[in-house]
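Take 1 as the starting number for the sequence shown in the UniProt record's numbering and just add one per residue.
Think of the CB as a built atom: it goes at the ideal place given N, C-alpha and C, for glycine as much as any other residue.
Written out below as structure tokens is the structure these notes cover.
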Amino acid sequence: MQTHQMYVNGEYIKSTGDEWIDIINPATEQVISKIPKGTEEDVDKAVEAAHQAQQAWELTPNIERGKIVRKLGDKIAENRDTFIDLLQEEQGKDYELASGEVDLAIDYFHYMSEWARRIEGEIVPSDRPNENILVYKKPIGVVAGIIPWNFPIFILARKVATALVTGCTIVIKPSQQTPNTAMEFTKLVDAMEEIPAGVYNVVTGTGSEIGNALASHKKVQMITMTGSLPAGTKVMEAAAQNITKVNLELGGKAPAIVTQHADLDLAAKAITTSRLANGGQACTNAERLYVHESVAEELSQKLIQAFEATKLGDPRESKDVTMGPLISQDRLETVEGMVKDAVSQGATVATGGERADLAGFFYKPTILTNVTHDSDIMREEIFGPVLPMTTFSTIEEAIDMANDTVFGLSSSIYTDDLNEAMRVVNEMKFGETYVNRENFEAVQGYHAGMRQSGLGGADGKHGMEDFLATQVVYMQYKK
Numbered sequence: 001m002q003t004h005q006m007y008v009n010g011e012y013i014k015s016t017g018d019e020w021i022d023i024i025n026p027a028t029e030q031v032i033s034k035i036p037k038g039t040e041e042d043v044d045k046a047v048e049a050a051h052q053a054q055q056a057w058e059l060t061p062n063i064e065r066g067k068i069v070r071k072l073g074d075k076i077a078e079n080r081d082t083f084i085d086l087l088q089e090e091q092g093k094d095y096e097l098a099s100g101e102v103d104l105a106i107d108y109f110h111y112m113s114e115w116a117r118r119i120e121g122e123i124v125p126s127d128r129p130n131e132n133i134l135v136y137k138k139p140i141g142v143v144a145g146i147i148p149w150n151f152p153i154f155i156l157a158r159k160v161a162t163a164l165v166t167g168c169t170i171v172i173k174p175s176q177q178t179p180n181t182a183m184e185f186t187k188l189v190d191a192m193e194e195i196p197a198g199v200y201n202v203v204t205g206t207g208s209e210i211g212n213a214l215a216s217h218k219k220v221q222m223i224t225m226t227g228s229l230p231a232g233t234k235v236m237e238a239a240a241q242n243i244t245k246v247n248l249e250l251g252g253k254a255p256a257i258v259t260q261h262a263d264l265d266l267a268a269k270a271i272t273t274s275r276l277a278n279g280g281q282a283c284t285n286a287e288r289l290y291v292h293e294s295v296a297e298e299l300s301q302k303l304i305q306a307f308e309a310t311k312l313g314d315p316r317e318s319k320d321v322t323m324g325p326l327i328s329q330d331r332l333e334t335v336e337g338m339v340k341d342a343v344s345q346g347a348t349v350a351t352g353g354e355r356a357d358l359a360g361f362f363y364k365p366t367i368l369t370n371v372t373h374d375s376d377i378m379r380e381e382i383f384g385p386v387l388p389m390t391t392f393s394t395i396e397e398a399i400d401m402a403n404d405t406v407f408g409l410s411s412s413i414y415t416d417d418l419n420e421a422m423r424v425v426n427e428m429k430f431g432e433t434y435v436n437r438e439n440f441e442a443v444q445g446y447h448a449g450m451r452q453s454g455l456g457g458a459d460g461k462h463g464m465e466d467f468l469a470t471q472v473v474y475m476q477y478k479k
């Protein structure tokens with residue numbers, strides 16, 4: 001069993017506190033590692049180190065920063081099998097998803113490295129003679145990154161690669177449930193002499209203490225956090241003390257609409273992936289299904305067949321496992337309680353609806369029918385392998401129900417009618433809409449939510465620009 005330390009100013013250090021957090025393998029319920037329960041003093045040390053390193057890192061030529069970011073991707077690739085195994089152990093990912101996440105992290109570092117030569121400003125015409133208006137894009141400064149437990153190496157890549165290539169230093173807080181991949185990545189950073197001390201720092205601990213200390217710190221210029229709506233609200237409250245910029249990806253309640261013009265085989269396959277990927281523990285997962293009444297029975301049968309074909313188990317024991325456990329006992333009990341409440345409100349369990357007879361935190365893939373749109377399970381984020389479905393008779397009705405939520409991250413529409421697809425795309429109030437495909441974003445796109453699903457975004461040009469500040473220079477010259 002590994003005992004980790006924090007990483008500050010280019011070296012491993014002990015926490016100023018003396019408490020530890022056990023890391024649990026959710027498939028076996030065994031303790032696999034320990035991390036320090038950090039303190040506010042630990043945060044101060046890490047932020048100060050990042051602050052001291054900021055100016056020199058900012059002045060490092062962009063191309064040199066880009067080379068370092070690309071090399072980090074190369075180093076993950078060299079240790080690919082190690083990261084896959086850690087993901088399977090600490091988070092319970094099946095092999096296909098774990099290997100896909102590691103490959104996506106590699107791709108993210110490589111992709112972001114290419115932006116080193118593409119960070120551009122503007123020259124704007126002035127109203128005055130003998131003057132140019134120059135618009136510069138500069139690093140925002142010290143960034144604090146809060147990493148979630150559900151995609152711990154990919155979202156680390158999303159935050160670290162973007163910060164470093166834009167010239168920002170960073171302090172990350174890995175999830176207290178899945179920190180092992182972050183600590184393995186930190187070994188790669190520590191071995192690279194090209195990365196100056198203080199550019200990358202890690203503080204471990206709880207969100208309530210470390211997350212709050214980072215968000216409220218006067219020397220942090222931006223806090224980027226992926227997590228739940230309640231956690232994001234607390235981060236915003238803490239950041240408001242210093243008017244610190246926030247970049248938040250929060251919860252989702254993604255609707256999937258299937259019309260009478262859909263390819264039902266395609267829809268069933270894509271929705272199964274979109275619901276059960278990562279055990280339903282992703283903010284972009286399809287969380288509720290609206291099906292045209294004329295095809296509801298046929299689609300439900302196809303979905304039941306696909307859900308029941310899912311192979312549960314410890315992913316480290318077999319590559320044939322297609323869905324691992326939920327992350328914790330608390331998450332298991334929450335999902336179980338939501339299904340029981342839905343049934344009490346009139347829903348019918350078409351398949352699943354109970355814990356799997358396995359060690360660990362397993363819940364069977366579940367489909368609920370006869371669910372009303374106003375029931376709790378259609379309105380609250382489930383974050384588990386449960387798909388509630390209801391029917392509609394007109395596309396107007398489907399759009400209205402899909403938009404009737406406080407969230408606005410992901411959505412999807414299944415139809416072979418182009419006019420129908422375009423109407424839904426134009427009227428949906430979500431940051432992402434997937435047409436006839438599973439829910440998962442691309443590194444060159446833009447991952448962002450509306451309403452209570454967050455502020456700012458990630459990926460692509462627009463995500464990169466969130467780490468930049470704008471300076472305007474009014475340049476007079478003599479003729």
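Other residues of its chain near residue i: CB distance less than 6 angstroms, five sequence neighbours each side excluded
i    : result
G205 : K37 and G38
Y477 : N130
Q444 : G460
Q88  : A98, P315 and R316
E40  : A213
K319 : Y95
N- and C-terminal bounds of the alpha helix (DSSP H) containing residue i
i    : result
T433 : First-last for T433: E432 to V435, but that is the beta strand (DSSP E), not the alpha helix (DSSP H).
E78  : N62 to E78
N180 : N180 to D190
F109 : Y95 to S113
P365 : Note, P365: premise wrong, no alpha helix (DSSP H); not H, not E.
V349 : Note, V349: premise wrong, no alpha helix (DSSP H); beta strand (DSSP E) at T348 to T351.
I210 : No alpha helix (DSSP H) holds I210; DSSP gives it neither H nor E.
N426 : L418 to E427
DSSP beta-bridge partners of residue i
i    : result
A256 : L289 and S412
Y12  : Y7
W20  : P36
A215 : None; A215 has no bridge partner.
A448 : G457
Y136 : Q471
M222 : V143 and K245
L332 : Bridge partners of L332: none, in fact.
N201 : V171
E122 : V135
F392 : H292
R355 : Y363
T369 : T348
Endpoints, beta strand (DSSP E) assigned at residue i
i    : result
F407 : Segment: none, F407 is in no beta strand (DSSP E) and carries neither H nor E.
K159 : Not the beta strand (DSSP E): K159 falls in the alpha helix (DSSP H), residues P152 to T166.
Through-space distance from residue j to residue i, alpha-carbon basis
i           : j    : result
Q241        : L214 : 12 angstroms
K137        : I271 : 41 angstroms
T310        : Q301 : 15 angstroms
G280        : T259 : 23 angstroms
L266        : R437 : 8 angstroms
P315        : E194 : 36 angstroms
I140        : E249 : 19 angstroms
I35         : G66  : 31 angstroms
P26         : A442 : 28 angstroms
E317        : V202 : 31 angstroms
F430        : R275 : 18 angstroms
residue 509 : N62  : Since the first and last residues shown for the chain are 1 and 479, residue 509 lies out of range.
A46         : V199 : 10 angstroms
I84         : I123 : 46 angstroms
V349        : L303 : 13 angstroms
A268        : L387 : 12 angstroms
I106        : D374 : 42 angstroms
Q176        : M323 : 22 angstroms
Sequence-distant residues of its chain with Cβ nearer than 8 angstroms to residue i (five each side left out)
i    : result
V425 : I413, T433 and V435
E120 : K137
V43  : V171, V203, I210, A213, L214 and H217
Y108 : G73, F154, A157, R158, A161 and V443
Sub-9 angstroms separation of residue i and residue j beta-carbons
i    : j    : result
T224 : H51  : no
E101 : F154 : yes
V291 : A161 : no
T372 : G408 : no
M236 : V143 : no
T390 : H261 : no
N180 : H4   : yes
P174 : Q91  : no
E29  : A359 : yes
7 angstroms CB neighbourhood of residue i in its chain, flanking five on each side removed
i    : result
K234 : N212
L229 : L250, G251 and Q452
I382 : G280, E287, V335 and M338
N370 : G346, A347 and T348
Closer than 9 angstroms to chain C by CB, residue i
i    : result
R437 : Absence of chain C from the displayed structure is noted, only one protein chain being present.
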